[in-house]
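The structure under discussion appears below in the form of structure tokens.
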Amino acid sequence: MPQDADSDPDQREVDAFLSRQRLITRRRFVSQAVGGTALAVLGYYGLIDDGLTREARAQTLRDGRPRLPPGQRVIRRLRPMGGTPGDPSVENLRIRVYGDVERPYELTFAQLLELGVVTRRVDVHCVTGWSVLGARFEGVPVRALAERAGVRPSARHVIFEAPYGYTANVPLREALAPDALLSHRLDGAALERDHGGPLRALVPSLYFWKSAKWVTGVHFTGRDAPGYWERRGYHNHGDPWREERYG
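Numbering (my numbering) for the sequence shown: 61 to 307.
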């Protein structure tokens, strides 16, 4: 289980890495987005599409919710949010599947794909206020990994793990949804490194920070463990339609 950020040496490595990258913190970016500054910057660079935003606001999902969650505006392409840690080689990638399961195991990238690749067109929503509609992700359903592992009834959460001790926690029900993947391709091309390649989680029902980049582990657990951003004040669940941005 991840430890408290103040006492976890892996967590200090994450902090040092992000500091070296000179990233704007998400909290600052979100506060700017609320005031319009961050979205104005995206608009300046021609990423925001007001026409697509108006169309999306007029549309509804099958369950009756608006297609575009509150506070979101549509951009034309996925916006990377910085950082390229770890080994980019698919030959060296190992995915550990473990926790409250009957059969823990480890997979190479090639073995992962043998579980069955599917294609999903989904909308993704960033906590900073932008959304991308109809992105075509390819990957292996998290459900397929769960079935191979034999997840125990005691499991309630999935913790996606990435380099430098980074984690993102997701309720089991949402992690096992048909559109929740470990994804390796986007819009017909291999997932770029700054988009999380070679492998990222995809949980489109939640804000995009829950779709952890550079995934190396899938931990099924009965005990929730708030991840990197959750421990820094972000909402533990992250439902875009409820605007669960902060805890």
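Cβ atoms here follow ideal geometry from the backbone N, Cα and C, with glycine treated the same way.
Using DSSP with H/G/I as helix, E/B as strand and the rest coil, what is L167?
The residue given as residue 167 occupies position 107 in the sequence shown. In the structure shown, L167 sits in a strand (DSSP, three-state: E or B).
On the premise that G307 lies in contact with G293, defined as a C-beta separation below 8 Å, what is that separation, rounded to the nearest angstrom?
By one-based count along the sequence shown, residue 293 stands at place 233. By one-based count along the sequence shown, residue 307 stands at place 247. Yes, they are in contact, since the Cβ atoms of G293 and G307 sit about 6 Å apart, within 8 Å.
On a Cα-Cα basis, can you pick out the residue from G159, A285, G256 and N152 that is closest to G210?
Here residue 210 is taken as the residue at index 150 of the sequence shown, counted from 1. Among G159, A285, G256 and N152, the Cα nearest to that of G210 is on G159.
Quick check: the region 220 to 232 against the region 266 to 285, are there 3 or more CB pairs under 8 Å?
With the cut-off at 8 Å, the region 220 to 232 and the region 266 to 285 touch.
Alpha-carbon spacing of W301 relative to S191, whole angstroms
Position 241 of the sequence shown holds residue 301. Position 131 of the sequence shown holds residue 191. Looking at the two C-alpha atoms, the distance is approximately 12 Å.
Count Cβ pairs between the region 198 to 208 and the region 283 to 297 that sit closer than 8 Å; are there 3 or more?
no
Can you give me the Cβ contacts of V178 inside the same chain, cut-off strictly under 8 Å, excluding the 5 residues immediately before and after it?
Locating residue 178 in the sequence shown gives position 118, counting from the first residue. Hits under 8 Å: E198, G199, V200, P201 and L241.
Looking only at C-alpha atoms, which of A249, L128 and P238 sits nearest to E315?
Residue 315 is absent from the structure shown; the chain starts at 61 and stops at 307.
Three-state secondary structure (DSSP) at P238?
Position 178 of the sequence shown, counted from the first residue, corresponds to residue 238. It is coil, neither helix nor strand.
Kindly indicate which three-state DSSP category V150 falls into: helix, strand or coil?
In the sequence shown, the residue the question calls residue 150 occupies position 90. Three-state result, V150: helix.
Confirm, please, whether the CB-CB distance from R305 to V187 is below 8 Å.
Working through the sequence shown from its first residue, we reach residue 187 at position 127. Working through the sequence shown from its first residue, we reach residue 305 at position 245. A contact, by the Cβ cut-off of 8 Å.
Give the DSSP bridge partners of Y294, in chain order.
By 1-based counting over the sequence shown, the position of residue 294 is 234. Y294 is bridged to Y306.
What's the C-alpha gap between R253 and E174?
On the sequence shown, residue 253 is found 193 positions in, with the first residue counted as 1. On the sequence shown, residue 174 is found 114 positions in, with the first residue counted as 1. CA-CA distance, R253 to E174, rounds to 22 Å.
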